[in-house]
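Input: a single structure, listed below in structure tokens.
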Amino acid sequence: MRTGIAVDEARRLVLDGVAPLPPETVTIPDALGRVLAVPVAATRTLPPADCSAMDGYALRAADLAGATRAAPRELALAFEVPAGASAPRALRPGEAARIFTGAPIPAGADSVVMQEDTEAAGARVRFFATPKQSDHVRAAGEDVRAGETVLEPGARLGPAHIGLLASLGRSFVRVHRRPRVAILSGGDELVEPDEDATGGRIVSSNAYSLAAQCAEAGALSTNLGIARDTEQALERGLRAGLSADVLLSSAGVSVGDHDHVRPVLEKLGCRLVFWGVRMKPGYPITFGRFEDGAGPLVFGLPGNPVSAMVTFEQFVRPLLLRLAGGRNLARPVLRAFVAEPLRKRPGRLHFVRVTLAREGERWVARSTGNQSSGVLRSMALAQGLLVFPAEATELAAGSRADVQLLDPDLLAEPELP
Ligand code: AMP
Ligand code: MG
Numbered sequence: 004m005r006t007g008i009a010v011d012e013a014r015r016l017v018l019d020g021v022a023p024l025p026p027e028t029v030t031i032p033d034a035l036g037r038v039l040a041v042p043v044a045a046t047r048t049l050p051p052a053d054c055s056a057m058d059g060y061a062l063r064a065a066d067l068a069g070a071t072r073a074a075p076r077e078l079a080l081a082f083e084v085p086a087g088a089s090a091p092r093a094l095r096p097g098e099a100a101r102i103f104t105g106a107p108i109p110a111g112a113d114s115v116v117m118q119e120d121t122e123a124a125g126a127r128v129r130f131f132a133t134p135k136q137s138d139h140v141r142a143a144g145e146d147v148r149a150g151e152t153v154l155e156p157g158a159r160l161g162p163a164h165i166g167l168l169a170s171l172g173r174s175f176v177r178v179h180r181r182p183r184v185a186i187l188s189g190g191d192e193l194v195e196p197d198e199d200a201t202g203g204r205i206v207s208s209n210a211y212s213l214a215a216q217c218a219e220a221g222a223l224s225t226n227l228g229i230a231r232d233t234e235q236a237l238e239r240g241l242r243a244g245l246s247a248d249v250l251l252s253s254a255g256v257s258v259g260d261h262d263h264v265r266p267v268l269e270k271l272g273c274r275l276v277f278w279g280v281r282m283k284p285g286y287p288i289t290f291g292r293f294e295d296g297a298g299p300l301v302f303g304l305p306g307n308p309v310s311a312m313v314t315f316e317q318f319v320r321p322l323l324l325r326l327a328g329g330r331n332l333a334r335p336v337l338r339a340f341v342a343e344p345l346r347k348r349p350g351r352l353h354f355v356r357v358t359l360a361r362e363g364e365r366w367v368a369r370s371t372g373n374q375s376s377g378v379l380r381s382m383a384l385a386q387g388l389l390v391f392p393a394e395a396t397e398l399a400a401g402s403r404a405d406v407q408l409l410d411p412d413l414l415a416e417p418e419l420p
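Position one of the sequence shown corresponds to residue 4 (the numbering used here), numbered consecutively onward.
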């Protein structure tokens with residue numbers, strides 16, 4: 004087992020050899036946010052034929068040469084092509100066909116004049132403009148051609164992908180399975196949110212913040228509840244999570260007399276890969292695997308609420324994204340200016356909870372307040388985690404640092420333009 008390693012090294016060890024979970028078939032509405040596991044080839048051409056982009060008249064552009072508002076030209080009204088129908092025959096020279104948006108262009112026609120540039124005159128139509136060939140015609144295949152690969156494996160499916168799949172006649176799609184995560188909270192002091200939290204008891208908030216982080220990362224989680232600080236209780240709790248893809252246990256990974264997580268994991272056959280990452284908060288994080296994939300990937304997360312969340316961010320989230328087939332495992336990182344000086348001892352990388360404000364051309368990062376690993380409020384206020392490098396001891400006001408973005412609304416505006 005490795006100990007006292009750097010954050011980057013720990014991340015590499017967690018992701019080492021981890022492949023996306025096998026695919027499953029889901030209905031397209033259920034595929035939102037999932038990652039495509041196979042290429043999608045079009046079995047049809049879209050649009051299937053040249054069709055009209057406007058309500059108006061299909062005709063030959065050459066028949067209207069020179070038409071203007073002052074010198075209109077007339078053509079004979081031959082027939083009508085509503086959306087969803089096709090033309091009864093080809094259009095002859097000197098004829099126009101009434102046509103509606105989405106309807107196929109009749110053979111013989113090469114352009115569409117929009118209704119606003121026309122006037123009906125009994126069996127004839129008057130035109131006030133000269134079209135160019137292909138005006139207001141959507142060409143067959145301008146969206147997709149049959150046989151073409153339209154979506155590549157690894158694509159995260161958004162609303163437009165789902166609409167595209169539907170338009171290609173696919174109501175099911177193959178996506179990577181969602182990771183299943185089991186969450187166990189260890190501690191004699193822990194109670195559920197609606198239980199009595201006096202007399203030294205505290206609410207097991209980690210079960211909830213971690214479940215929410217799992218959901219945000221696209222994973223399914225199960226709450227295994229609270230295990231008391233005995234080896235037997237912990238063993239029972241951890242065993243209940245052995246069929247998950249990822250097992251998260253929080254607390255009990257320090258060096259106290261009641262910290263049984265590591266020995267119990269080893270007893271269950273888990274090989275501990277590392278304990279102790281040079282970071283703050285979160286130093287005692289533990290990671291282990293079962294040989295030959297005979298069990299879940301296991302994290303012993305620190306118990307302090309912010310330590311649990313920050314270690315999840317750095318190690319569990321990228322792993323869950325990888326398992327779900329995702330290609331982008333890291334948060335976006337922004338270079339920001341430090342508002343007030345930050346100091347620390349060398350040795351551990353600090354993740355500082357910050358807000359981000361746009362000041363002219365700059366992003367300015369400010370601490371959200373008390374950075375204690377027990378203070379969840381400063382985590383709730385954080386729009387990002389500022390990376391204070393391990394060996395640095397001071398970030399002067401006005402110096403620059405990387406900030407991992409947590410807030411998807413950072414660039415959003417309250418008002419519409
Ligand atoms: P431990 O790792 O057991 O020493 O726990 C470290 C700190 O985290 C203690 O103050 C615990 O009370 C707190 N803690 C442990 N588990 C949880 C949890 N599930 N939810 C919130 N705080 C916790
Ligand atoms: Mg404890």
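Here a beta-carbon is modelled for each residue, glycine too, at the ideal position from N, C-alpha and C.
field: Closest by C-alpha distance to Asp410, when choosing among Gly372, Glu316, Leu352 and Arg365
entry: Position 407 of the sequence shown, counted from the first residue, corresponds to residue 410. Looking at the Cα atoms, Glu316 is the closest of the given residues.
- prompt: If you count every other CB in all the chains shown that lies within 10 Å of the CB of Phe318, and 16 or more means buried, which is it?
  reply: Here residue 318 corresponds to residue number 315 of the sequence shown, with the count starting at 1. Phe318 is buried by the Cβ-count criterion.
message: Taking the straight line between their C-alpha atoms, what separation do you get for Val276 and Pro284?
response: Taking the sequence shown and counting its residues from 1, the one referred to as residue 276 is at position 273. Taking the sequence shown and counting its residues from 1, the one referred to as residue 284 is at position 281. Rounded to the nearest angstrom, the two C-alpha atoms are 20 Å apart.
- prompt: For the beta strand (DSSP E) that contains Glu1, what are its first and last residues?
  reply: Limits of the chain in this structure are 4 at one end and 420 at the other, which puts residue 1 out of reach.
query: Between Glu234 and the ligand AMP, is the CB less than 7 Å from at least one heavy atom?
result: Within the sequence shown, residue 234 is the residue found at index 231, counting from 1. No, Cβ of Glu234 sits at least 7 Å from all heavy atoms of the ligand AMP.
- request: Put Tyr286 into one of helix, strand or coil per three-state DSSP.
  value: By 1-based counting over the sequence shown, the position of residue 286 is 283. Note: Tyr286 maps to coil in three-state DSSP.
message: Could you tell me the alpha carbon to alpha carbon distance between Val153 and Val38, rounded to whole angstroms?
response: On the sequence shown, residue 153 is found 150 positions in, with the first residue counted as 1. On the sequence shown, residue 38 is found 35 positions in, with the first residue counted as 1. Spanning the two alpha carbons is a distance of roughly 15 Å.
query: Any idea what DSSP makes of Val313, helix, strand or coil?
result: What you label residue 313 is simply residue 310 of the sequence shown in a count that begins at 1. Three-state DSSP puts Val313 in a helix.
field: Helix, strand or coil at Asp146 [DSSP, three-state]
entry: Here residue 146 is taken as the residue at index 143 of the sequence shown, counted from 1. Coil, per DSSP.
- prompt: Helix or strand or just coil, what does DSSP make of Glu122?
  reply: Counting from 1 along the sequence shown, the entry for residue 122 is found at position 119. Looking at Glu122 - three-state DSSP - the assignment turns out to be strand.
message: I need the straight-line Cα distance from Gly350 to Ala218, nearest angstrom please.
response: The sequence position of residue 350 within the sequence shown is 347, counting from 1. The sequence position of residue 218 within the sequence shown is 215, counting from 1. Going from the Cα of Gly350 to the Cα of Ala218 covers about 33 Å.
task: Tell whether a beta-carbon distance below 8 Å holds between Arg320 and Ala393.
output: Counting from one through the sequence shown, the residue named residue 320 turns up at place 317. Counting from one through the sequence shown, the residue named residue 393 turns up at place 390. Contact flag unset, no.
task: Flag Ile205 as yes when its Cβ comes closer than 7 Å to any non-hydrogen atom of the ligand AMP, and as no otherwise.
output: For the purposes of this step, residue 205 is identified with residue 202 of the sequence shown, where counting begins at 1. Yes, Cβ of Ile205 sits closer than 7 Å to a heavy atom of the ligand AMP.
- prompt: Quick one, which of Asp262, Leu160, Ala415 and Ala404 has its alpha-carbon nearest Val461's?
  reply: Residue coverage of the chain in this structure runs from 4 to 420, which leaves residue 461 outside it and unanswerable.
- request: With DSSP collapsed to three states, give me the class of His261.
  value: Here residue 261 refers to the residue found at position 258 when the sequence shown is read from its first residue. Coil at His261, not helix or strand.
query: So what does Asp138 bridge to, in DSSP terms?
result: Within the sequence shown, residue 138 is the residue found at index 135, counting from 1. Partner(s): none; Asp138 has no beta bridge.
query: Quick one: what's got a C-beta closer than 7 Å to Arg204's C-beta in the same chain, skipping five residues either side?
result: Position 201 of the sequence shown, counted from the first residue, corresponds to residue 204. For Arg204, where only same-chain residues beyond five positions count, the Cβ hits under 7 Å are Glu192 and Val194.
query: Considering only the beta carbon of each residue, do Ala112 and Leu62 sit closer than 8 Å?
result: Counting from 1 along the sequence shown, the entry for residue 112 is found at position 109. Counting from 1 along the sequence shown, the entry for residue 62 is found at position 59. Cβ atoms of Ala112 and Leu62: closer than 8 Å.
query: Which whole-angstrom value describes the C-beta separation of Arg181 and Ala327, a residue pair presumed to lie in contact below a C-beta threshold of 8 Å?
result: Position 178 of the sequence shown holds residue 181. Position 324 of the sequence shown holds residue 327. About 6 Å separates the two Cβ atoms, so the contact holds.
query: According to the Cβ coordinates, are Thr46 and Ala143 closer than 8 Å?
result: To locate residue 46, count along the sequence shown from 1; it is residue 43. To locate residue 143, count along the sequence shown from 1; it is residue 140. Not closer than 8 Å, so no.
Residue range of the unbroken beta strand (DSSP E) whose run includes Ile8: In the sequence shown, counting from the first residue as 1, residue 8 sits at position 5. From DSSP, the beta strand (DSSP E) with Ile8 extends over Arg5 to Ile8.
message: Helix, strand or coil, according to DSSP, for Pro32 in the structure here?
response: Taking the sequence shown and counting its residues from 1, one reaches residue 32 at position 29. Three-state DSSP puts Pro32 in a helix.
task: Please classify Asp58: does DSSP put it in a helix, a strand, or coil?
output: For the purposes of this step, residue 58 is identified with residue 55 of the sequence shown, where counting begins at 1. Note: Asp58 maps to coil in three-state DSSP.
query: Can you list every residue whose CB sits closer than 5 Å to some heavy atom of the ligand MG, going in chain order?
result: Gly190 and Ala254
query: Could you check where the alpha helix (DSSP H) with Glu234 kicks off and where it finishes?
result: Start at 1 with the first residue of the sequence shown, and residue 234 comes out as number 231. First-last of the alpha helix (DSSP H) with Glu234: Glu234 to Ala243.
field: Cut-off 7 Å between Cβ atoms - residues of its own chain near Ala149, not counting five sequence neighbours on either side
entry: Locating residue 149 in the sequence shown gives position 146, where the first residue counts as 1. For Ala149, where only same-chain residues beyond five positions count, the Cβ hits under 7 Å are Ala45, Thr46, Arg47 and Thr48.
Beta carbon of Val406 nearer than 8 Å to that of Leu379: For the purposes of this step, residue 406 is identified with residue 403 of the sequence shown, where counting begins at 1. For the purposes of this step, residue 379 is identified with residue 376 of the sequence shown, where counting begins at 1. Result no, Cβ atoms of Val406 and Leu379 do not sit closer than 8 Å.
- request: For the segment 288-373, list the beta strand (DSSP E) runs that are entirely contained and at least 3 residues long, ordered along the chain.
  value: 289-293, 300-304, 336-341, 352-362 and 365-370
- request: Determine the extent of the beta strand (DSSP E) in which Glu98 is found, giving its start and end residues.
  value: The residue you call residue 98 lines up with position 95 of the sequence shown. Unbroken beta strand (DSSP E) run through Glu98: Glu98 to Ile102.
- request: Kindly list the residues whose CB is nearer than 7 Å to the CB of Leu413, restricted to its own chain and excluding five residues on each side of it in sequence; keep chain order.
  value: The residue given as residue 413 occupies position 410 in the sequence shown. Cβ within range, chain order: Leu359 and Gln386.
field: Which listed residue (Val267, Ala342 and Tyr286) has its alpha carbon closest to that of Arg365
entry: Start at 1 with the first residue of the sequence shown, and residue 365 comes out as number 362. Minimum Cα distance to Arg365 is reached at Ala342.
Residue from Ala81, Ala90, Ser89 and Pro85 with nearest C-alpha to Pro96: Position 93 of the sequence shown, counted from the first residue, corresponds to residue 96. Selected option, being the one with the closest Cα: Ala81.
- request: Measure from the alpha carbon of Val84 to the alpha carbon of each residue in Ala64, Ala123 and Ala100, then state which is nearest.
  value: Translated into positions along the sequence shown, residue 84 becomes position 81. The option with the nearest alpha carbon to Val84 is Ala100.
message: Quick check: does the Cβ of Asn226 come within less than 7 Å of any heavy atom belonging to the ligand AMP?
response: The residue labelled residue 226 in the question sits at position 223 within the sequence shown. Not under cutoff, so the answer is no.
message: Can you tell me which residues form a DSSP beta bridge with Cys273?
response: Translated into positions along the sequence shown, residue 273 becomes position 270. Paired residue(s): Phe293.
- prompt: Just the Cα atoms here: how many angstroms apart are Leu324 and Ser224?
  reply: Residue 324 sits at position 321 when you count from the first residue of the sequence shown. Residue 224 sits at position 221 when you count from the first residue of the sequence shown. Using only the alpha carbons, I get a separation of about 14 Å.
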